[in-house]
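FYI, the numbering used here numbers position 313 of the sequence shown as 316, with every residue one higher than the one before it.
Below is one structure; the comments refer to it alone.
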Amino acid sequence: MPRERLRRCLVTGIDGFAGSHLSDLLTRRRYSVHGTIRRPQADPRAELSAQVVTYRVDLLEQGAVEALVQEVRPQWVFHLAALSSPAASWDDPGGTIATNAGLEANVLGALVRLDPMPRVLVVGSGDEYGRPAGRARRLDEDTPLRPLTPYGVSKVAQDLLALQYHLSHGLPAIRVRPFNHAGPRQAPQFAIASFAQQIARIELGKQEATLKVGNLGARRDFTDVRDIALAYLLAVAKGRPGEVYNIGSGSAPALRDVLARLLTMTRAKVAVEVDPSRTRTAEADVYVCDARRFQRLTGWRPRIALDRTLRDTLNYWRRSERSVA
């Protein structure tokens, strides 16, 4: 077996949305995959391979993180664990910022005590950019950070914490700012997953034929989560420590157009109704990612078309809703 395929990888939050798809990719490529979970058992939606070794660890407990890192002694670390909902961050702004920054500080603090220190990928967000000043809408890594949500602020904190550990301790940390991603297994708090779940429920007669939506005029740069997982692997393998890279498609359809494409995939007659509770307190109208820095470095491009993402997500929710009485 090639030596690279024996590489030990640690994925924090491995049973989350992106973490589960990254786990799929790493196991297919025969890496040794270890991951952290919060609950006694991994989230069943993650569909983790039996080859994955999971550890129930509270990443806010420094001693537990130290023990985990010393046991696994990873060569590559993918730090994905975080509170991930911009909308939910308004319910507990201080808790969101403290949690996302605190658990990362514990992880990075443990990693710098390893010899050699592993390469670590720290996942920020396109939400760090918020609403750009002036007319800028295509966002590159030099766009000033102006986050609009507590979640965005927490991601700026994570981003800069990774840079600080690189500069102060020599930790080979690579930072990425992925824009919106979608696909099977995503929680229904997010737009595409919410649309798909509601359509599946309407088809099964489990919901009246009215689909509740938020701001359909917002435009978002969507990438399939499976393409995002590949980008994470390329970033940790090829990224320059201390550098930051945007990851996204470079295209930002309006949510009303995304929903219209989903509705062509069902025979159900569906009405659409705006639900004020689904609109954000503050949000940018347009997010378009400029990922040319990352593309030049790695050759990465999104390979999965949006229509396939939508169909796969809808079919995932059809299976999921059928399995629940």
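Each residue gets a CB set at the ideal place from its N, CA and C atoms; glycine is no exception.
Just so we're clear, the structure is a prediction, and the values are computed from it rather than from any experiment.
Item                                                                                                                                                          : Value
Near D16, which residues of its chain fall below 6 Å by C-beta distance, leaving aside the five closest residues on each side in sequence?                    : Looking at the sequence provided, one finds Gly at residue 16 rather than Asp. These residues qualify, in order along the chain: G22, L83 and A84.
Based on Cα-Cα distance, which residue from R42, H37 and E246 lies nearest to D145?                                                                           : E246
Just the C-alpha distance for C292 and L163, rounded to the nearest angstrom, thanks.                                                                         : 20 Å
Could you compute how far the alpha carbon of P175 sits from the alpha carbon of P121?                                                                        : 7 Å
Taking the Cβ atom as the reference point for each residue, do F182 and Y290 lie within a distance shorter than 9 Å?                                          : yes
Just how far apart, CA to CA, sit V228 and P119?                                                                                                              : 31 Å
Applying the criterion that 16 or more other CB atoms from any shown protein chain within 10 Å of the CB defines a buried residue, is V156 buried or exposed? : buried
Measuring alpha carbon to alpha carbon, tell me which residue in V277, D18 and R31 is nearest T39.                                                            : D18
Short of 6 Å in beta carbon distance, which residues of its chain neighbour S52, apart from the five on each side in sequence? Order them along the chain.    : T30
Decide yes or no for the touch test of the stretch 147-154 against the stretch 91-99: beta carbon pairs closer than 8 Å, at least 3 of them.                  : yes
Using only alpha-carbon positions, find the residue among G127, E286, T282 and A194 that is nearest to L166.                                                  : G127
Under a Cβ-count criterion, where at least 16 other Cβ atoms within 10 Å of its own Cβ denotes burial, should V110 be classed as buried or exposed?           : buried
Considering only heavy atoms of the ligand FAD, does any lie closer than 8 Å to the CB of G253?                                                               : With respect to the ligand FAD, the structure shown offers nothing to examine, as it has no ligands at all.
Grab the span of the alpha helix (DSSP H) containing V14 for me, first residue to last.                                                                       : Not the alpha helix (DSSP H): V14 falls in the beta strand (DSSP E), residues R11 to T15.
If you draw a straight line from the C-alpha of E50 to the C-alpha of L25, how long is it?                                                                    : 12 Å
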